[in-house]
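Heads up, the thing below is written out as C-alpha cells.
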Amino acid sequence: MKFSANWIAELAPGLTVPPHELGALITTKTAECEGTEAYAPFLDHVRLARVVDVRPVEGSKNVYAAIDAGPLGRKNVVCGAPNCRAGILTAWVMPGAELKGGRVIGKAVVSGLESEGMLAAGDEIGVNREHEGILEFSEGAPGDPLPGISPDHIIEIDNKSLTHRPDLWGHLGMAREVAAITGLALRDPVPPVEWAGEPPLRVEIENYELCPRYSALVFENVTIAPSPLWLQYRLESIGLNPISNIVDVTNLVMAELAQPTHAFDADLLKGGVIFVRLAKAGERVQALNEEEYTLDGQALVIADAGGAEAIAGVIGGRPTGIHAGTRRVVLESANFQAASIRRTSSRLKLRTDASMRFEKAQDPGNTVRALARCWELFRLVSPGIRLVGGLVDNAAPVTPPPAIRLDLDWLNRKIGRAVAREEVEKILRSLAFVVEPDGPGALAVTPPSWRATKDISIAEDLVEEIGRMIGYASIPPRAPLVPSEPPPASPEREYQYELRRMAAAQGFTEVYNYSFLSETLAERFGFPREEHIQVLNPIARDQGLLRVSLTPRIVQNIEDNARHMDSFRLFETGNEIHKRAGSEDGLPEEIPHLAAAIFAKEGDGQAGLFELKRLAEILAPGVKVSAATGVRCFEHPRRVWTLESHGETVGRVFELHPSWCEHGRGAILDLDLAALFRLRPEPVKHKPLRRFPVSEFDLSVITGVRVEVGAVGSLLLRAGDESWLGVEFVGQYMGAPLALDEKSLSFRVTVGAADHTLSAGEITAARERAIAAVQAAGYQLRM
Amino acid sequence: MSLAATLQELKDSTAARIANASTLDELEAIRVETVGRKGVLAGAGKDMAKVAKEDRAAMGQLLNAVKSAIESALEERTNAFQAAALEARLDAEWMDLTAPAPGVQPGALHPVTQVQRYLEEVFTSMGFTVLSGPEVETEFHNFDALNIPPSHPARDMQDTFWLEGGHLLRTHTSPVQVRGMKRLGAPLRMIAPGRVFRNEEVDPSHEHTFYQLEGMMVDREVSIAHMLYFMKTLLKEIFQREVAVRLRPGYFPFVEPGFELDIQCLLCGGAGCPVCKYTGWVELLPCGLVHPNVLRAGGIDPGQWNGFAFGLGLTRLAMMRYGIDDIRLLQAGDLRFLNQFR
Ligand SMILES: [Zn+2]
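Sequences listed follow chains Z and G, in order.
Numbering of the first sequence is given in this note's numbering, commencing with residue 1 and proceeding in unit increments.
Numbering of the second sequence is given in this note's numbering, commencing with residue 1001 and proceeding in unit increments.
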C-alpha cells in the first residue's frame, strides 16, 4: 500500500518529520515500511506558463511557442503537442529539471531553433497517464507552481503487515497513527452533513451477516469530465489510474478513508430497488475490467430488477458503469463480510483495491462518512451536481463493542516494565480508544469501531497498543526466573544425527532433495501412482506427488553429479510419506530413511557395493545381508540384497541396473531409520576375559563358484557347540588343481572353554564335527 | 718375548684391529680370537703357571688390564656400529606424508544440517527440548489451532500446498507448538526444527521447500522483557558476538503482541548498506507472546500460564553464515557445492 507523505501531513497538520524518518517511525511503531521514495521531485522546476504565440516550424510537426512565465519572463519553446495553442495555461519545465529516468531538460536546439525547457504532457511529470497533449490548467497565474501539484514522497507499507488493520488501508488511518506517534492532532476530512429528505431508493438485504450495511446516495445533473489535475496527480502518485471525475473521487475517498464505494449510472439500473443477495449458481456479471465472471451460489451480488449488476465488494458491472454520457449516479457505500469477499475474490482469482480492503473486515460505521466525503468532492469536480432525496441507509442493528478490562499490574507484567496509568490512558486515547476507570488499578477500554471488527477484542491486544507506542526499545531485557532442569531428551533425533555424522565420516556427502516427484518419474521407477499422496496444487507438473521412496531423487543426484565427477559418494536422510488407513487424524505415515549412493566410472562395481555394506554395518551393527527377492526394474538383478536386523527387514542395497546408469556403476543403500532406531542394540554386557588359551584350526571347503561365503560360514557355525568361539572367513582360491566351476573357501575356527585348556582330543573332535557338517552338506574338503 | 711383552703387543695390535674393523662380524671374530673362551688371553691365563711366583700377581693384573682394555674397546666399537646401523635404517625409512592418505576423504554434512545442529545444541544448553512434527499436517494444526480460522486473510500470507484428503504440507513449523504443548504440558521450553513448504516459484531467493526452527517457552510469568533477554542471548550465541536488536510490530495471528525482530546490520554496523537496504537493520525473525487461543488449543490455561514463541529461518541463517547467495543450491544435490562444507 502506497501512502503520500503530503496527504498524511494534510491530515496531521503540523507534521514536520521528514518523510524518510516518518517511514522509520511507522516501521517501529505501526507497520513495516518497505521504502520511502521521492515522487516527482522535479516539480520544483515546473511552473505555470501561458502560451502567447505559436509559429509553425518548417518541415516539422512541431511548433515554436512563445510563453509567458510571469515573473520568470518570456521564453521560447519547441513543442510537438497538437493542443499547443495561444492562450492556454500549461506546465513549463524549466531547463535544469531532471525528469523520470534521469532525463535532463536543458536548453536545446530542436529543428534549428533554441528551446528553453519544454512544455509537459501529464505522463512526463507524473500527473496522469496522458501523452496526447500538453497539460491545460484552468486556474493559477503564470510563474506559479502547478496548483495542488508539488513534489511528494511515497511511503510504501508492506501489505502483509496491514492484514489485521482495516483502518490502515486509507490515509486517514495512517495519519491517525502518525499523529499519535508524534503527539499531533488529527484532522478529519469528512464534513459534517445533516441528511434530510426521503431515501430515493429502496435497498433489500437478503442476509445481514454477509452485508451488515448498505448506504447510498443518488445524484442528478452530473457532468462526466476529467478530474482536476491535482486530483489526478494525487491518484497517480499512489499508483491509481485517473479515469473521470466521479470514479476518481470514489478512488480518492477509498484511499483516504479505506471505504470502497461504487458509482452506478442510475439510468441504467432497472427498477427502483437494489437487492443485495447471493448469486444464482451460474449467474454472470460483465465486469468493469472487460471480463465476464460466472458466479456460484455463494458469491454476493448487487442486483437490480434485471439481475446481478456487480460482484459485491469485488468489482462493478460494465453495463451499469459510469460512462461519458452519465447524468444520474447511484453511489453505493456498503459493508460486506470479510470472509465472503475473500472467498469470492480468491475463487474468481480477482483481487481488486476494494476486495483487498473488504477482506480485512472494514468498519460498518464508515459507510456514511465515505458518502459525505464523496458528496463534498463531487460538488468540486462536477459543478451543478444535485443530491436526489436523502440518505439511503439499510443496516443491521449494531452492537457496540464491549469494553475490555485492562488490569494495569497485569499489563506491566506482560510488558516487563512499569508504564504509568496516565501514559496508558494518553496512548489509548490518542488512538481513539475510549478509556474509563474500572476500579483501582484497572481500566475499561473500548476500541473505536474501526479497530473492533477483527483487530482488538482482548486485553492482550491492548498490550500491543501500549507496547508499540511506548517503544519496544524502552523495555530493558530481563532474565526469566525459571527452574533450570535438563530438557527431556530426543533420542531418535540424536540417533539420526549420529548416523548422519558417521555417514559423512565414511566419505558420504549429505544432499537435501525435494519431497516431490512427478507421475512420470514414479511410473518410471515402477512405484504405483495410487500409493502416492497427490498434491492438489503443485507448483509445477513434475512435482505432483509426495515421495514414497528417496531413491528416484538419489538416482537423479547420481546422474547429475556423474557429469562432473568420476567417482563420488552421497547420502540423504528424509521422510518417505506413505498413505495410512485408519490413523487417528488421517495423517500419512512419515518414515525417516537414509539413502546412500556410491558412483564410480571405472571398475566392476563390487568395491562400491562392499563399501555400502561396510556403511550399513557401521550404521547398523549386526545387520545381515541376504539376496533379495522381488527385483525392481531399476535394480541389477544379480546385485540386490535385503538387510535384516533381528529378523526384520531394515533396508536394501543394490547396484543400479546398467540401463539406468550408463556411464559407470552406481549403487544405493536404503535404510529405514525408524526400524533401526527401534532395533538399535542395547548396551553390551561385558564378558570376562578368557583365563585359558583358545585354539584355532583352518578348513578349506570346495564349493561351486556361486555358493555364498555367508552360507558356508553359517553352516560351520551351526555345526559347533558352546566351545565354538568364532568362524572367520580367511579367503578364497580359484584355479588349478580345482575344476573351473569350483572354488575353495577358507575359514578359521576358534574354539576354547571357559574352565580349561582344550585337549588335543577335544580339538580334533571339534574339527571332525565341522568336517562332518561340511560333507553332509555335499561339499568336499580341500586338504 | 716375555709374557708381559706379548700381552702388551696383543693389546696394541688388537686395538688397531678393532679400530680398523668395518663390520660387526669382524668385531665378533676379534672378540672370539682374543677374549673368547678359547681365545689368546685364555691361553695366556694357562701360561700363568709358568710365570715366576713373585711375578704372578703383577702378571695377573696386567692380564686383566689387557682383557678389560680389549673388551671396552670392543664394546665401544660395537655401540658405534649399532648406532650407525640404526641411523642407516632410520634414514632408509624416510617417507612422504604429504602424499594423500589412501581411502576416501570424509564427506560433508549439509550446511543447513550444520546450522541446525549448532542451534539445537545452543537451545538444549538453555534447557529447551527438541521436538519433531509431521511434514504432512492437518488444516487444524497448521491453521485453526494457531488462531488462523478459515477465511482469515493470514491464510493468504502462506501459499499452501494442499493434498488429497484435505491435508496439507505444513507452511511453517508452528504446528509443533500445539503438538508440543499437548504432549508435554506447561511449563515448557521447546524448539522444533524442520522442513516446511510454500507454494512459491523458485528463484535465487525463493524456494518452495526450506527449513525453519520454531521455538516456544511457556511459564507462569513471561513478559516482553524476558523474551528480549532470551533473544539477545540466543543471537549472541548464533553470531558469536553482541548484536543489537530491535522489536517492531509484526502481525502473526498466533501471537499477541506480535513482533518482527530486527538485528542491526552485521555488515555495516547500522550505518546503512545495500544488504540492509540502507536502514541499518535486517529483519531476522518473527516472535511474540503466545496468543491465549493458541495456549488453549494446546490444552494450557492462559489464565495460569503464558509464553513467547519465535520462528527462525534456518535456511536463511545458513545462507547468512556461509555467504550463499542462491537458495536453489541448497536443494540441488550438487556435490561440487556441498563438498565445500567438509
Ligand atoms: Zn547494512
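Each residue gets a CB set at the ideal place from its N, CA and C atoms; glycine is no exception.
Counting only the same chain and skipping the five closest in sequence on each side, list residues whose C-beta sits under 7 Å from that of Pro675 (chain Z). The residue you asked about is not Pro; residue 675 (chain Z) is Ala in the sequence shown. Here the set comprises Glu648, Val650.
Tell me whether the beta-carbon of Leu679 (chain Z) lies closer than 8 Å to the beta-carbon of His646 (chain Z). Closer than 8 Å, so yes.
Taking only runs that begin and end inside the stretch 1017-1100 of chain G, name each unbroken alpha helix (DSSP H) of 4 or more residues, in chain order. Correct list: 1024-1034, 1040-1047, 1053-1092.
Label Phe571 (chain Z) either buried or exposed according to how many other C-beta atoms from any shown protein chain fall within 10 Å of its C-beta, with 16 as the threshold for buried. With 16 or more other Cβ atoms from the protein chains shown falling within 10 Å of its own Cβ, Phe571 (chain Z) counts as buried.
Taking the CB atoms as reference points, tell me whether Ile618 (chain Z) and Gln496 (chain Z) lie closer together than 8 Å. With respect to the 8 Å criterion, Ile618 (chain Z) and Gln496 (chain Z) are not classified as neighbours on the basis of their beta carbons.
C-beta atoms of Leu388 (chain Z) and Val218 (chain Z) nearer than 8 Å: According to the sequence displayed, residue 388 (chain Z) carries Val and not Leu. Contact: yes.
Neighbour list for Ile154 (chain Z) in chain G, Cβ cutoff strictly below 9 Å: Listed along the chain, the chain G residues whose CB falls inside 9 Å of the CB of Ile154 (chain Z) amount to none; the nearest CB is some 16 Å away.
Secondary structure of Arg213 (chain Z), DSSP reduced to three states: Three-state DSSP puts Arg213 (chain Z) in a strand.
Based on Cα-Cα distance, which residue from G:Ala1084, G:Gly1258, G:Val1282, G:His1110 lies nearest to Ala1244 (chain G)? Among G:Ala1084, G:Gly1258, G:Val1282, G:His1110, the Cα nearest to that of Ala1244 (chain G) is on G:Val1282.
Using the Cα positions of Gly1036 (chain G) and Ser1002 (chain G), report the straight-line distance between them to the nearest angstrom. Between the alpha carbons of Gly1036 (chain G) and Ser1002 (chain G) lies a gap of roughly 22 Å.
Collapsed DSSP secondary structure at Gly467 (chain Z) in the structure displayed: In the three-state reduction of the DSSP assignment, Gly467 (chain Z) falls in the helix class.
Mind checking whether Val419 (chain Z) and Leu428 (chain Z) have CB atoms under 8 Å apart? No, Cβ-Cβ distance for Val419 (chain Z) and Leu428 (chain Z) is not below 8 Å.
Looking at the unbroken alpha helix (DSSP H) that takes in Glu1242 (chain G), where does it start and where does it end? Taken as a continuous stretch (DSSP letters only), Glu1242 (chain G) belongs to no alpha helix (DSSP H), as it is neither H nor E.
Between Asp1203 (chain G) and Phe275 (chain Z), what straight-line distance do the alpha-carbon atoms span, to the nearest angstrom? The straight-line gap from Cα to Cα measures roughly 47 Å.
List the residues of chain C whose Cβ lies closer than 7 Å to the Cβ of His164 (chain Z), in chain order. Here chain C cannot be found, since the structure's protein chains are Z and G.
Compute the Euclidean distance between the alpha carbons of Asn76 (chain Z) and Glu116 (chain Z), then round it to the nearest angstrom. Cα to Cα, Asn76 (chain Z) sits roughly 6 Å from Glu116 (chain Z).
Taking Glu611 (chain Z) as the reference, which of G:Pro1274, G:Gly1103, G:Asn1306, G:Val1051 has the closest Cα? If we check each option's Cα against that of Glu611 (chain Z), G:Gly1103 comes out closest.
Is the beta carbon of Val46 (chain Z) closer than 8 Å to that of Leu146 (chain Z)? Result yes, Cβ atoms of Leu146 (chain Z) and Val46 (chain Z) sit closer than 8 Å.
Quick one: what's Tyr1322 (chain G) bridged to in DSSP? For Tyr1322 (chain G), no pairing in a beta bridge is given by DSSP.
Is the closest heavy atom of ligand 1 to the C-beta of Gly1323 (chain G) under 7 Å? No, since every heavy atom of ligand 1 falls outside the 7 Å radius drawn around the Cβ of Gly1323 (chain G).
Where Asp393 (chain Z) sits in the DSSP three-state scheme: DSSP places Asp393 (chain Z) in strand when its eight states are reduced to three.
Quick one: what's Glu156 (chain Z) bridged to in DSSP? For Glu156 (chain Z), the pairing in a beta bridge is given by DSSP as Z:Lys2, Z:Gly35.
Under 9 Å Cβ-Cβ, which residues of chain Z neighbour Arg1241 (chain G)? Going along chain Z, no residue has its Cβ under 9 Å from Arg1241 (chain G), so there is no contact; the nearest lies around 17 Å.
At a cut-off of 7 Å, would you count Gly1280 (chain G) as near ligand 1, judging by its Cβ distance to the nearest heavy atom? Result yes, Cβ under 7 Å from ligand 1.
Does the CB of Gly993 (chain G) have a neighbour CB from chain Z at under 8 Å? Absent from the structure is residue 993 (chain G), since the part of chain G shown begins at 1001 and ends at 1342.
Roughly how many angstroms separate the alpha carbons of Pro485 (chain Z) and Leu1119 (chain G), rounded to a whole number? In the sequence on display, residue 485 (chain Z) carries Glu and not Pro. Going from the Cα of Glu485 (chain Z) to the Cα of Leu1119 (chain G) covers about 19 Å.
Phe788 (chain Z) to Met734 (chain Z), Cα distance in whole Å? A question about residue 788 (chain Z) goes unanswered here, because the residues of chain Z that appear run from 1 up to 783.
Output, in sequence order along the chain, the residues in the stretch 526-538 of chain Z whose CB is closer than 7 Å to any CB in chain G. Of all residues in the stretch 526-538 of chain Z, only Ile533, Gln534, Val535, Leu536, Asn537 place a beta-carbon less than 7 Å from a beta-carbon of chain G.
So, does the stretch 720-737 of chain Z touch the stretch 1006-1025 of chain G, judging by three or more C-beta pairs under 8 Å? Output reads no: the stretch 1006-1025 of chain G does not touch the stretch 720-737 of chain Z.
Please report the Cβ distance between Val222 (chain Z) and Thr326 (chain Z), rounded to the nearest whole angstrom; I am assuming they are in contact, meaning their Cβ atoms lie under 8 Å. Sure, about 6 Å apart at Cβ, within 8 Å.
Are Leu408 (chain Z) and Ala459 (chain Z) close, meaning C-beta to C-beta below 8 Å? No, the Cβ-Cβ distance between Leu408 (chain Z) and Ala459 (chain Z) is not below 8 Å.
Taking 8 Å as the threshold (C-beta atoms), are Ile26 (chain Z) and Arg50 (chain Z) in contact? Taking 8 Å as the Cβ cut-off, Arg50 (chain Z) and Ile26 (chain Z) do not qualify as a contacting pair.
Closer than 8 Å, CB to CB, is Tyr512 (chain Z) near chain G or not? Output row for Tyr512 (chain Z): interface = yes.
Best match in G:Thr1014, G:His1110, G:Val1136 for proximity to Leu545 (chain Z) [C-alpha to C-alpha]: Comparing C-alpha distances from Leu545 (chain Z) to each of G:Thr1014, G:His1110, G:Val1136 shows the shortest one belongs to G:Val1136.
What residue from Z:Lys426, Z:Gly439, Z:Pro401, Z:Ala24 has the CA that sits closest to Ser457 (chain Z)'s CA? Comparing Cα-Cα distances from Ser457 (chain Z) to each of Z:Lys426, Z:Gly439, Z:Pro401, Z:Ala24, the minimum goes to Z:Pro401.
Between the alpha carbons of Asn1199 (chain G) and Asp393 (chain Z), how many angstroms are there, rounded? Near 43 Å, if we compare the C-alpha coordinates of Asp393 (chain Z) and Asn1199 (chain G).
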